[in-house]
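**Student:**
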Amino acid sequence: MSYNLKENLMREERLAGGHRMCAGCGSPIAIRTVLRQLEPGDKAVVTGATSCMEVSTFMYPYTAWKESFIHNAFENAAATCSGVETAYRALKKQGKLDDTYKFIAFGGDGGTYDIGFQSLSGAMERGHDMVYVCYDNEAYMNTGIQRSSSTPRFADTTTTPQGSVIPGKIQNKKDLTKIMVAHGIPYVAQTTFIGNFKDICEKAHKAIYTPGAAFLNVMAPCPRGWRYPSEDMMKVCKAAVETCVWPLFEVVEGKYYLSYEPKNKLPVEEYLKMQGRFAHMFKPGNEWMIEAFQQEVDRRWENLLALCNL
Amino acid sequence: MGIRERLSGNEAVAYAMKQINPDVMGAYPITPSTEIPQYFSSYVDNGEVDTEFIPVESEHSAMSTCIGAEAAGCRAISATSSCGLIYMAEMLYVAASDRLPITLAVSCRALSGPININNDHSDAMSVRDAGWLMLFAETNQEAYDNYLQAMRIGEAVGLPIMICQDGFITSHAIENIELVETEKVREFVGEYKPEGGLLKAPMAVGAYATPAFYMEAKRQQAQAMMDAKEVIKKVGAEFGAMTGRTYGLIEKYEMDDAEEAIVIIGSSAGTAKEAIKELRAQGRKVGMIKVRSFRPFPSEEIVEALKGVKAFAVMDKDDSFNGHCGPMYAEVAASLYAAGVSGPKGISYIYGLGGRDVRVESIQHVFADLKEIAETGNIGETYRYLDVRE
Chain S
822 MSYNLKENLM REERLAGGHR MCAGCGSPIA IRTVLRQLEP GDKAVVTGAT
872 SCMEVSTFMY PYTAWKESFI HNAFENAAAT CSGVETAYRA LKKQGKLDDT
922 YKFIAFGGDG GTYDIGFQSL SGAMERGHDM VYVCYDNEAY MNTGIQRSSS
972 TPRFADTTTT PQGSVIPGKI QNKKDLTKIM VAHGIPYVAQ TTFIGNFKDI
1022 CEKAHKAIYT PGAAFLNVMA PCPRGWRYPS EDMMKVCKAA VETCVWPLFE
1072 VVEGKYYLSY EPKNKLPVEE YLKMQGRFAH MFKPGNEWMI EAFQQEVDRR
1122 WENLLALCNL
Chain H
12 MGIRERLSGN EAVAYAMKQI NPDVMGAYPI TPSTEIPQYF SSYVDNGEVD
62 TEFIPVESEH SAMSTCIGAE AAGCRAISAT SSCGLIYMAE MLYVAASDRL
112 PITLAVSCRA LSGPININND HSDAMSVRDA GWLMLFAETN QEAYDNYLQA
162 MRIGEAVGLP IMICQDGFIT SHAIENIELV ETEKVREFVG EYKPEGGLLK
212 APMAVGAYAT PAFYMEAKRQ QAQAMMDAKE VIKKVGAEFG AMTGRTYGLI
262 EKYEMDDAEE AIVIIGSSAG TAKEAIKELR AQGRKVGMIK VRSFRPFPSE
312 EIVEALKGVK AFAVMDKDDS FNGHCGPMYA EVAASLYAAG VSGPKGISYI
362 YGLGGRDVRV ESIQHVFADL KEIAETGNIG ETYRYLDVRE
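Chains S and H, in that order, are what the protein sequence lines are. Heads up: the first sequence is residues 822 to 1131, going by my numbering. Heads up: the second sequence is residues 12 to 401, going by my numbering.
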């Protein structure tokens, strides 16, 4: 069935409104969009790592989750989800359960790239029938914008402040999506919010309905941490894709497929200039930072094209 | 009549798991508990149980998978020791707070450092405030029997439970043991029928609790722990009716007329019984209280047993490093003070750390100290280390 935005938006909403996330936050958009790809009638158990999303959606005695939801801790959403999924198989095997359930874990980049990395790697290697969705906003936003291994080079965060000696974060962003590909799982994809959401919707559906472990990395901007007007989120995402800072691709059974190739690959300035966290890169004398950033984006893009045989 | 066998403590626990046939096991190897998931995974791979085994990448994930599985409505189990236990410490608190009756077999071992693989209780004692029920075994038979009772107790009060035994001393030593027939085990343990579960009607587990609610959640946990005392006694009595081996919160040995007594946990109680037999033969009025349930702590029972003695020593196979006493001493002393009992003079003895051998003479040395205290009324140093070079 071909994708239709209107039809997709008419589907059951599985995360209720009225939660406490910031206006313009990318995380609930990622969650609602992923959950909308569950087939009507299928149930899910959602696992959430400790994060903005968790403390804002499940504050006792209220929950925004219409599906069963479990929050355990910061670093173990993948392991927890794997426990629930195993329980499902155990009960199915014993004939104690009739319904079809899907298992989806959500974590921010801190809970995924950093502290939850071991737990994620273990669950993916074991091949549980689950999807791990990272909503990547490139820093620890819940504790107040500290750098993570997902934070891009030069970004100004509260633990990598751009100072007179050190110009923001020193290291490049970890390429987690490729690390997940190296686990040899059947489906890995990288996406964000683009156009009519076809890319993220189709990838989420594949991730959920591919048997075995799947990983979805969703760039989900944070207007507070990235310092851009919250109404500009779609522009920021589009710039990330058009500059190839955040390429869209998927890896099915180890084979890379490029989802979108910009007709005119834009210079990284078009992405960086929209965000306060990169403002110092545009000061006179700091041109080298933009050059270095561009070089790294180009290097990764060429590498991705090669992997896609393009 | 049960089945006579010869098993190590680890194998006895693994066999109990097999008889119970739980839904999910998540486990990670660590000496000396490794054999438990080893034995169990052979039951799984040979189709002798229905259990799904999750070979996780760490103890932290072992407990995380158990939390997920138990919250989903399954019986979930694990086994660990030492550093593995404290690596899962964060999740132990969550399991208790989520009121998930997970069962964890612990073959107790010293904590690093220095790194050491032998027995003491520093692992279990370091998580004593995590909100778990904790039963300790003296023998392989008790480790097995405690395991068979664990789920009945934990599920009745909605708390997770640790079944502790002494690493190597019972976990690896082979002893004669009497097993219960599997049909009787299954009837005794019963089927797990939780009220809710992630795979039943939609439910949410693990909420963020503001100051307006956090304390009530903790108060309910405290109540469950208090309620567990009666449950442990009731289940122990029922188990006795089935097997002839009745269990309570403590075991008293030669305490009726004792003037000097020790309070102890685990396998060293067996050594202490031998020491007491010899001293009794010499006419000494000495006795022992073996603590089976450390959580909940049997305050009233210990006060009742100790109130008539002249001197006592609380034996801790762990040190609190608080500069004055071991962890169980603190609890025994608090129990006596709260009950208004100030007659008996008590000392704290730290012993057996990192597998330091505990001999009959070691225990007799403690009783020699107690004799001197009882006779002179002079208590001296209350914080002592046993069998150590200083």
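A virtual CB, placed ideally from N, CA and C, is assigned to each residue, including glycine. Every value quoted in this text rests on a predicted model; they were computed, and no experiment measured them.
(1) Roughly how many angstroms separate the alpha carbons of H:I180 and H:N130, rounded to a whole number?
(2) At which residue ranges does the segment 78–105 of chain H contain complete beta strand (DSSP E) runs of 3 or more residues, listed in the order of the chain?
(3) What residue range is occupied by the uninterrupted alpha helix (DSSP H) comprising H:H376?
(4) From S:D919 to H:Q231, what does the alpha carbon distance come to, in whole angstroms?
(5) If you draw a straight line from the alpha carbon of H:A27 to that of S:L1128, how long is it in whole angstroms?
(6) Taking CB distances under 8 Å as the criterion, tell me whether H:F224 reaches chain S.
(7) For the segment 920–931 of chain S against the segment 87–103 of chain H, do three or more pairs of beta-carbon atoms, one drawn from each stretch, fall closer than 8 Å, so that the two count as touching?
(8) What is the rounded straight-line gap between the Cα of H:S52 and the Cα of S:T933?
(9) Output yes if chain H places a C-beta closer than 8 Å to the C-beta of S:A960; else output no.
(10) Determine the direct distance from the alpha carbon of H:I47 to that of H:D56, and round the result to whole angstroms.
(11) Going along chain S, which residues have a C-beta under 7 Å from H:M214?
(12) Compare the C-beta of H:G84 with all C-beta atoms of chain S and state if any pair is closer than 8 Å.
(13) Thinking C-alpha only, which one of S:Q1011, S:Q858, S:A1003 and S:E888 is nearest S:G865?
(14) Looking at S:R974 and S:F1103, is the spacing between their C-beta atoms short of 8 Å?
(15) Using a Cβ-Cβ cut-off of 7 Å (strictly less than) and excluding sequence neighbours within five positions of H:D329, which residues of its own chain qualify?
(16) Opposite H:E271 in the DSSP bridges: which residues?
(17) Is the shortest distance between the beta-carbon of H:L210 and the beta-carbons of chain S less than 8 Å?
(18) Could you tell me which residues DSSP pairs with H:L146 in its beta bridges?
(19) Helix, strand or coil: which one does DSSP assign to H:F332?
(20) Against H:A218, what residues of chain S qualify as contacts under a CB-to-CB distance less than 8 Å, listed in chain order?
(21) Distance, Cα to Cα, H:G58 vs H:I31?
(22) Does any residue of chain H bring its CB to less than 8 Å from the CB of S:N825?
(23) Cutting at 7 Å between CB atoms, please list the residues of its own chain near H:K382, excluding the five before and the five after it.
(24) Just grab the DSSP bridge partners of S:P988 for me.
(25) Which complete alpha helix (DSSP H) runs does the segment 835–921 of chain S hold, if anything under 4 residues is left out?
(26) From the DSSP output, which residues share a beta bridge with S:T1012?
(27) Residues of chain S with CB closer than 9 Å to the CB of H:D140, please, in chain order.
(28) Could you have a look at H:M236 and say whether DSSP puts it in helix, strand or coil?
(29) Let me check one thing: in DSSP terms, what residues is H:M36 bridge-paired to?
(30) Please work out which residues of its chain come closer than 8 Å, Cβ to Cβ, to H:M253, disregarding the five sequence neighbours upstream and downstream, and give them in chain order.
(31) Reducing DSSP to helix, strand and coil, say where H:T76 ends up.
(32) Can you give me the start and stop residues for the alpha helix (DSSP H) that H:G281 sits inside?
(33) How about H:G37: is its C-beta nearer than 8 Å to some C-beta of chain S?
(34) For S:Y909, return the contacting residues in chain H, with the cut-off set at a CB-CB distance below 8 Å.
(35) Select from S:P1088, S:V1073, S:P1068 and S:V1072 the residue whose C-alpha is nearest the C-alpha of S:Y1081.
(36) Listing by chain order, which chain S residues have their CB less than 9 Å from the CB of H:C77?
**Tutor:** Let's see:
(1) Position 169 of the second sequence, counted from the first residue, corresponds to residue 180 of chain H. Position 119 of the second sequence, counted from the first residue, corresponds to residue 130 of chain H. C-alpha of H:I180 to C-alpha of H:N130: approximately 7 Å in a straight line.
(2) 87–91
(3) On the second sequence, position 365 is the one that residue 376 of chain H refers to. First-last of the alpha helix (DSSP H) with H:H376: V371 to T387.
(4) Locating residue 919 of chain S in the first sequence gives position 98, counting from the first residue. Locating residue 231 of chain H in the second sequence gives position 220, counting from the first residue. For S:D919 and H:Q231, the distance between alpha carbons rounds to 34 Å.
(5) As a position in the second sequence, residue 27 of chain H is number 16, starting the count at 1. As a position in the first sequence, residue 1128 of chain S is number 307, starting the count at 1. Between the alpha carbons of H:A27 and S:L1128 lies a distance of about 52 Å.
(6) Your numbering for residue 224 of chain H matches position 213 in the second sequence. Yes, because at least one Cβ of chain S sits closer than 8 Å to the Cβ of H:F224.
(7) no
(8) Walking along the second sequence from the start, residue 52 of chain H turns up at place 41. Walking along the first sequence from the start, residue 933 of chain S turns up at place 112. The alpha-carbon atoms of H:S52 and S:T933 are separated by roughly 30 Å.
(9) As a working note, residue 960 of chain S is residue 139 in the first sequence. By this cut-off, S:A960 is not an interface position.
(10) Residue 56 of chain H sits at position 45 when you count from the first residue of the second sequence. Residue 47 of chain H sits at position 36 when you count from the first residue of the second sequence. The alpha-carbon atoms of H:D56 and H:I47 are separated by roughly 14 Å.
(11) Position 203 of the second sequence, counted from the start, is the residue given in the question as residue 214 of chain H. The answer, in chain order, is S889.
(12) Your numbering for residue 84 of chain H matches position 73 in the second sequence. True, the Cβ-Cβ gap to chain S drops below 8 Å.
(13) Along the first sequence, one-based indexing puts residue 865 of chain S at 44. Strictly speaking, residue 865 of chain S in this sequence is Ala, with Gly absent from that position. Residue S:E888 is the option with its Cα nearest to S:A865.
(14) In the first sequence, the residue the question calls residue 1103 of chain S occupies position 282. In the first sequence, the residue the question calls residue 974 of chain S occupies position 153. Against a cut-off of 8 Å, the Cβ pair of S:R974 and S:F1103 comes out as no contact.
(15) Translated into the one-based positions of the second sequence, residue 329 of chain H becomes position 318. Here the set comprises D131, H132, S133, M136, G337 and P338.
(16) Reading the second sequence from its first residue, position 260 is the one you call residue 271 of chain H. Under DSSP, H:E271 forms a beta bridge with H:V297 and H:A322.
(17) As a first step, residue 210 of chain H must be located in the second sequence, where it is residue number 199. Closer than 8 Å to some Cβ of chain S, the Cβ of H:L210 qualifies, so yes.
(18) Taking the second sequence and counting its residues from 1, one reaches residue 146 of chain H at position 135. Its beta-bridge partners are H:I174 and H:S304.
(19) The residue given as residue 332 of chain H occupies position 321 in the second sequence. Of the three classes helix, strand and coil, the one that applies to H:F332 here is coil, per DSSP.
(20) One-based indexing of the second sequence puts residue 218 of chain H at position 207. Result: F879, M880, Y881, P882, T884 and H892.
(21) On the second sequence, position 47 is the one that residue 58 of chain H refers to. On the second sequence, position 20 is the one that residue 31 of chain H refers to. Looking at the two C-alpha atoms, the distance is approximately 14 Å.
(22) Counting from 1 along the first sequence, the entry for residue 825 of chain S is found at position 4. For S:N825, the answer is no, since every Cβ of chain H falls outside 8 Å of its Cβ.
(23) For the purposes of this step, residue 382 of chain H is taken as the residue at position 371 of the second sequence. Excluding sequence neighbours, H:K382 sits near E271.
(24) The sequence position of residue 988 of chain S within the first sequence is 167, counting from 1. In the DSSP assignment, S:P988 is bridged to S:Q983.
(25) Annotation: the segment 835–921 of chain S contains the following complete segments of the alpha helix (DSSP H) (minimum length 4 residues), in chain order: 847–857, 873–878 and 898–914.
(26) Counted from its first residue, the first sequence places residue 1012 of chain S at position 191. Beta-bridge pairing links S:T1012 to S:V1039.
(27) Walking along the second sequence from the start, residue 140 of chain H turns up at place 129. Correct list: empty, because the minimum Cβ distance to chain S is about 18 Å.
(28) To locate residue 236 of chain H, count along the second sequence from 1; it is residue 225. Of the three classes helix, strand and coil, the one that applies to H:M236 here is helix, per DSSP.
(29) Along the second sequence, one-based indexing puts residue 36 of chain H at 25. Its beta-bridge partners are H:F64 and H:I88.
(30) Against the second sequence, residue 253 of chain H aligns to sequence position 242. Closer than 8 Å at the Cβ level, and outside the excluded window around H:M253, lie V191, K195 and F199.
(31) Indexing the second sequence from 1 puts residue 76 of chain H at position 65. Here H:T76 sits in helix by DSSP.
(32) Here residue 281 of chain H corresponds to residue number 270 of the second sequence, with the count starting at 1. For H:G281, the enclosing alpha helix (DSSP H) starts and ends at S279 to A292.
(33) Working through the second sequence from its first residue, we reach residue 37 of chain H at position 26. Yes - at least one Cβ of chain S is within 8 Å of the one on H:G37.
(34) Sequence index remark: in the first sequence, residue 909 of chain S carries index 88 (1-based). Chain-order list of chain H residues neighbouring S:Y909: A83 and L210, by C-beta distance under 8 Å.
(35) Within the first sequence, the letter at position 260 stands for residue 1081 of chain S. Cα-wise, what sits closest to S:Y1081 is S:P1068.
(36) Mapped onto the second sequence, residue 77 of chain H falls at position 66. Near H:C77 (Cβ distances below 9 Å), the residues of chain S are G904.
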